[in-house]
Each structure stands twice: as structure tokens, then as C-alpha cells.
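Okay, so here's the structure we're looking at.
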Amino acid sequence: MSAELRCCYQEEDPQHCCHAPAGPSGLCYWHDPTICKDKAEDKTALEQYARAGGQMRGLALKRAQLAGLNLAAAPGQSGFDLSFSDLYRANLQGAHLYKVNLTQANLMKADLRDANVHWVKAEQANLLGVKWAGARLENMQLGKTLRQEAIAQQAVKAGDLALARDYFEQSEEIYRDLRKAAEHEGLFVLSGLYIQQELRMRRFQYPKFSQKRFLSKLIDVFCGYGEEPIRVVLFSLLLIFCCAIAYFFLGVVSAGTMLQFNPQASWLEQLQLFGTCLYYSVVTFTTLGYGDITPVGLSRLVAAVEAFTGSFTIALFVVVFVKKMTR
Numbered sequence: 033m034s035a036e037l038r039c040c041y042q043e044e045d046p047q048h049c050c051h052a053p054a055g056p057s058g059l060c061y062w063h064d065p066t067i068c069k070d071k072a073e074d075k076t077a078l079e080q081y082a083r084a085g086g087q088m089r090g091l092a093l094k095r096a097q098l099a100g101l102n103l104a105a106a107p108g109q110s111g112f113d114l115s116f117s118d119l120y121r122a123n124l125q126g127a128h129l130y131k132v133n134l135t136q137a138n139l140m141k142a143d144l145r146d147a148n149v150h151w152v153k154a155e156q157a158n159l160l161g162v163k164w165a166g167a168r169l170e171n172m173q174l175g176k177t178l179r180q181e182a183i184a185q186q187a188v189k190a191g192d193l194a195l196a197r198d199y200f201e202q203s204e205e206i207y208r209d210l211r212k213a214a215e216h217e218g219l220f221v222l223s224g225l226y227i228q229q230e231l232r233m234r235r236f237q238y239p240k241f242s243q244k245r246f247l248s249k250l251i252d253v254f255c256g257y258g259e260e261p262i263r264v265v266l267f268s269l270l271l272i273f274c275c276a277i278a279y280f281f282l283g284v285v286s287a288g289t290m291l292q293f294n295p296q297a298s299w300l301e302q303l304q305l306f307g308t309c310l311y312y313s314v315v316t317f318t319t320l321g322y323g324d325i326t327p328v329g330l331s332r333l334v335a336a337v338e339a340f341t342g343s344f345t346i347a348l349f350v351v352v353f354v355k356k357m358t359r
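Counting from 33, one number per residue, gives the positions in the sequence shown under this note's numbering.
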């Protein structure tokens, strides 16, 4: 009597192979892409297969009907590893996927509405078109870049700008869907991170030296697209300090006396002078203008630029801070 055939699914690492009974295709039921897992008993069967220690990597679950699937990890244990699995258009509505590893899995257009994806690892997974409404997204790990984002970056290096633009657009759509889902769940800090990434993906679609891309980059640097008011504060402090240095060397007038760097003066006098210039820089930035100190020569240009920039920066901080706090 011939030995029972075993599934021929195997990765480069011999540790990741399947020993389940194989069908005519040479693959087991769960790894065979020609079998549609849409039977009523498939959900329970997959849960039993997983908890019995079956090979969960590389599962062929295209269009599978697995609503309510429970693959949540037990307390203190690692989650099931579904890396490289094909879940294209799979119905996972209401599924419990706590701590499941979906690294490089294909989740394109999968239905994850009301699913628990808390602490799910989805690095380099295809998340295009996923339905997230009602899903628990806290602490979902997407990695540094999305799969489409990484492909787009490689296309840019290769000089294929059309391909790069297409994948950046897909990345923007993914971040937009995640942002909407996070907002729906009241996760405004998380949605803020996603909207930053969404707008960055949009920026990369613009021509490299275009005005739109430059303005978008400027907004990102100054305030993180309205999500990081601390950047406005840091920019303000940097501008005040730099202008104070300019006044220190270019000179200002106070009570008819020229205040300017003098290499012959003591370090204490130089420190007092810099403190005066720093005070004048703060007054100029906030456009208070007490009139006790006035600029002369090139320091007038510095004062004009600082006052103009300061008025806009203060207004920007108010807008960004209020937007952030009201959310």
C-alpha cells in the first residue's frame, strides 16, 4: 500500500512546510488555490486546523467565506502566522485576528468590517481596497512603508515615473481608507498619522520640481500637515535664535548707543549684548515693537523678514493647535 501523499507546500526555509494530506494537485485543501473555501463549514475547519498546529503560512483563501473567524491569540502567546497568504476578496467580517501575522499577505479588497485587527502585523501586505469600517485598528503594525510605497520608491530609482505615480496613488488610497476607519472609531491620533502619510503619497505624485510639490513639502516640514504643532514652536525658536545672532553681529541701536559685537569686550559684556539681541528678536518676532531698540543697516532687513515671518507663524500655530485639540 502506497504512502499517503503529503502537501508539497514548502518555502526556502525547511521549517515552513506543510505535512497535511494532499489532494490531486499535490497541495492540501488549505494551500490549493483551485479550491474555493466558501462552504459553511470552512470557518470552523480552518480554526481547528490552526489550533491543531497546521501550516498557516501561504494559505490560499481567495474569496473565502470566513465571517466571524476566530484566530485570536491566547493571552501571553504569539499569534498565528498567515504570512504570504492569499486573502483576495476574502470575507473576514467580524473576524478575531488579534496578533495574527499577515506579513506580505494579499488582502486586496478583503472585507474586514467590524474585525479585530488589534496588534496584527501587516508589514508589506497588500491592503488596497480593504473594507475597514468598524475594524479595531489600534496598534496594527504596517512597518515603515506599505508594499505599494516600497515598489513606488524602487520605480523612482529606476526612472519609471509612470509606474511610481501609479503605486503612490495606490498608497494614498490605502492610507485614506485607514484614516477614515480610524476617525470612525475615534482614534484621532492614529488618523492624524495616516493623514500625514496620505498627503505625503499625494505629494510624491506631483512633478519633482513643481510648485505644488514644493508647497506640500513646506507645509509638511513646518507643521506636519497640521498634525504636529510642536514643529511650529521649534521653527519659531530657531528663527528667533538665528535672528538674534544676526542682530548681534550686524548691530542695533538702543538709547542712541550702537550695540554690536566687539572682539575687545569681555565675555560677560558679549553675553549681555547677546541677551539684549535675543530680547529684541523675541519682540520683533511677536511684532510687539516696544521701540526701545531699533535696527540699523542690514539688521533692518533681518527685522523686516522676522516680523513678517513671525506674524504668519503665530497665526499658523493657533490654527494647527486648535485643529489638533478640537479633534
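Glycine included, each C-beta is placed from N, C-alpha and C at the ideal position.
Since we're looking at a predicted model, the values are computed, not measured.
DSSP, read as helix, strand or coil, puts R89 in coil. With a cutoff of 7 Å on beta-carbon distance, F116 and M88 are scored as not near each other. Annotation for I346: the continuous alpha helix (DSSP H) segment containing it runs L330 to T358.
Cβ-Cβ separation between L348 and V264: approximately 6 Å, consistent with a contact (criterion under 8 Å).
Under the three-state reduction of DSSP output, L282 falls in the helix class.
A contact is defined here as three or more CB-CB pairs under 8 Å, and the stretch 278 to 285 meets this definition with respect to the stretch 309 to 324. The Cβ atoms of H128 and A167 do not sit closer than 7 Å to each other. In the DSSP assignment, the residues bridged to K163 are D143. The beta carbon of C49 lies closer than 6 Å to those of Q42 in the same chain, with the five residues before and after it left out.
If you check the CB distance, P261 and F353 come in under 7 Å. Your pair K163 and R145 checks out as a contact, with CB atoms roughly 5 Å apart and the cut at 8 Å.
Apart from sequence neighbours up to five positions away, the residues of its chain that approach Y61 with a beta-carbon distance below 7 Å are G55 and I67, ordered along the chain.
For T326, no alpha helix (DSSP H) segment is defined; the enclosing uninterrupted segment is the beta strand (DSSP E) at I325 to P327. When the Cα atoms are used, R38 and S57 turn out to be separated by approximately 11 Å. Rounded to whole angstroms, the separation of the alpha carbons of D209 and F200 is 14 Å.
The alpha-carbon separation between Q125 and L98 amounts to approximately 8 Å. Scanning its chain for C-beta atoms nearer than 8 Å, with the 5 sequence neighbours on each side dropped, one finds around S331 the residues A278, Y279, L282, G283 and V284, in chain order.
Residue pairing by DSSP places P53 opposite R38 in a beta bridge. Residue pairing for K153: DSSP places it in a beta bridge opposite N133 and Q173.
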